[in-house]
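Residue numbers (the numbering used here): 1 to 410. Where is the CB? At the ideal position from N, CA and C, for every residue including glycine. Beneath this line is the structure, given in structure tokens, with notes to follow.
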Ligand SMILES: Cc1ncc(COP(=O)(O)O)c(C=O)c1O
């Protein structure tokens, strides 16, 4: 059945990035400026077609899939992911998403009230809540690293992290983002992992935004645990992610759902979670093929980065606001922040409404995260974007600004 997952367009040359990729490979609405790939991604048609082919094949004889074939296809997909992220195959398990992987690690720890978990003020909310839930049941403490603002250098960032790490000797696990969600910062994870390990603190790297966005070499990185989504920057159907665990950390890990295989090897434990559709995870196979066919890590992040390097100063000048201050090494290739132009007295609590207003009435999808008492505009770039998208985005936000300033004056 793995044949259905083979990318059908792989013999053709990939179209040039920009409008042609958008029209030929993706289904995005023509009139939409889509600058929010970072939240839910968008699945290329050829990858969705592979998933549907597999689903159709399964329905010809469902029992055959569940009893005979699924494990083999699952294994092929997990192997493809392991090769892509440079991990030993036995250290990679496929999961539905980064939230599931974080739940697995956090809930498998046996902590007591004498232990602590280190998170940060930029940790993804669902992951924070998982830690809070563990706190309710174990009384373990939560220590939060407050990011410096602005981040001036990796050294400054690491110094503030170290001071939080050293503030409490009871920290057992540090949860560190590879690329933060609300602030789009690439953290110096190699250095941070080193600091934690010197102090016997285990590390879970939350790389929800990393696969396909930045190169990964998980065995060389040496994190105890690492999770990455494939349904963001790797073009897989939603519900496709992985959990890496170093060999010596695997035994205690249990999937949040206990099912038939709970005592098998690390990878297999995650396969059987009750009866469900795990075709998204099997499509990791197709997603890796698609990514490599389209341009791979050589050209995809480079294209996104160049487009944003040009777009951000253009928007800053159009909006008369500033791009987030960050050292070059901490800028994400495909995701950047700029301050939103806001009418006087505009409250940060309105960010969500503004986001909806921009989408419904101005045709642009962006994320408007709030931190450091500001509303930021998080702008994503993907191979289907082109410079004109950012000009349209800029003008749409200005129109919104003008309309809302007039309302203020009225
Ligand atoms: C840093 C980070 N961690 C975890 C997640 C959760 O990902 P998922 O919803 O796929 O579980 C996200 C989602 O955007 C994220 O940005």
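Taking residue 344 as reference, the option from 71, 182, 375 and 84 with the minimal CA-CA separation is 375. Residue pairing from DSSP leaves residue 132 without any beta-bridge partner. Taking 9 Å as the cut-off, the Cβ atoms of residue 66 and residue 279 do not count as close. Of 29, 16, 14 and 25, the smallest CA-CA separation from residue 364 is found for 29. As DSSP reads the structure, residue 362 sits in no beta bridge.
A residue is called buried once 16 or more other Cβ atoms fall within 10 Å of its Cβ, and residue 258, having fewer, is exposed.
Assignment of beta strand (DSSP E) within the stretch 185-266, counting only whole runs of 3 or more residues, yields 202-207, 225-229 and 241-245 in chain order. DSSP places residue 296 in the helix class (H, G or I) of the three-state scheme. Approximately 15 Å separates the beta-carbon atoms of residue 147 and residue 178; this is outside 8 Å, ruling out the contact. For the pair residue 235 and residue 291, the CB atoms are nearer than the 9 Å cut-off. Cβ-Cβ distances below 8 Å link residue 399 to 362 in the same chain, with the five nearest sequence neighbours on each side left out; the list follows chain order.
Taking 8 Å as the upper bound for CB-CB distance, residue 97 and residue 239 are in contact here, some 7 Å apart. Counting along the chain, the unbroken beta strand (DSSP E) around residue 144 starts and ends at 141-145. By the 16-neighbour rule on beta-carbons within 10 angstroms, residue 32 is exposed. Between residue 117 and residue 142, the beta carbon gap of about 6 Å places them in contact (Cβ cut-off 8 Å). Annotated as proximal: residue 46 and residue 7, with beta-carbon spacing under 9 Å.
In the three-state scheme derived from DSSP, where H, G and I count as helix and E and B as strand, residue 30 is classed as coil. Boundaries of the alpha helix (DSSP H) around residue 58: 45-60. Secondary structure note for residue 163: its alpha helix (DSSP H) is the uninterrupted segment 154-165. Cβ neighbours of residue 296 within its own chain (closer than 7 Å, five residues either side excluded): none. Per the C-alpha coordinates, the member of 24, 183 and 157 positioned closest to residue 379 is 183. Where residue 74 is concerned, the enclosing alpha helix (DSSP H) starts and stops at 70-84.
Excluding five sequence positions before and after residue 305, the CB atoms of its chain that fall closer than 6 Å to its own CB belong to 333, given in chain order.
Counting along the chain, residue 25 sits inside the alpha helix (DSSP H) bounded by residues 19-25. Distances from the CB of residue 127 to the heavy atoms of ligand 1 include at least one below 8 Å. With 16 or more other Cβ atoms inside 10 Å of its own Cβ, residue 384 counts as buried. Using a Cβ distance threshold of 9 Å, residue 91 and residue 266 count as a contacting pair. Between the alpha carbons of residue 80 and residue 2 lies a distance of about 12 Å. Under the three-state reduction of DSSP output, residue 330 falls in the helix class. If you draw a straight line from the Cα of residue 307 to the Cα of residue 102, it is about 32 Å long. Under a 10 Å Cβ-count criterion, residue 229 is classified as buried, with 16 or more other Cβ atoms of the shown protein chains found around its own Cβ. For the pair residue 201 and residue 172, the Cα-to-Cα distance works out to about 5 Å. Boundaries of the beta strand (DSSP E) harbouring residue 95: 92-95, taken from the DSSP string. In summary, residue 302 is exposed, with fewer than 16 beta-carbon neighbours lying within 10 Å of its beta-carbon over all protein chains present.
When the beta-carbon positions are compared, residue 330 and residue 154 come within less than 9 Å of each other. Looking at the backbone, the Cα of residue 162 and that of residue 207 are separated by about 21 Å.
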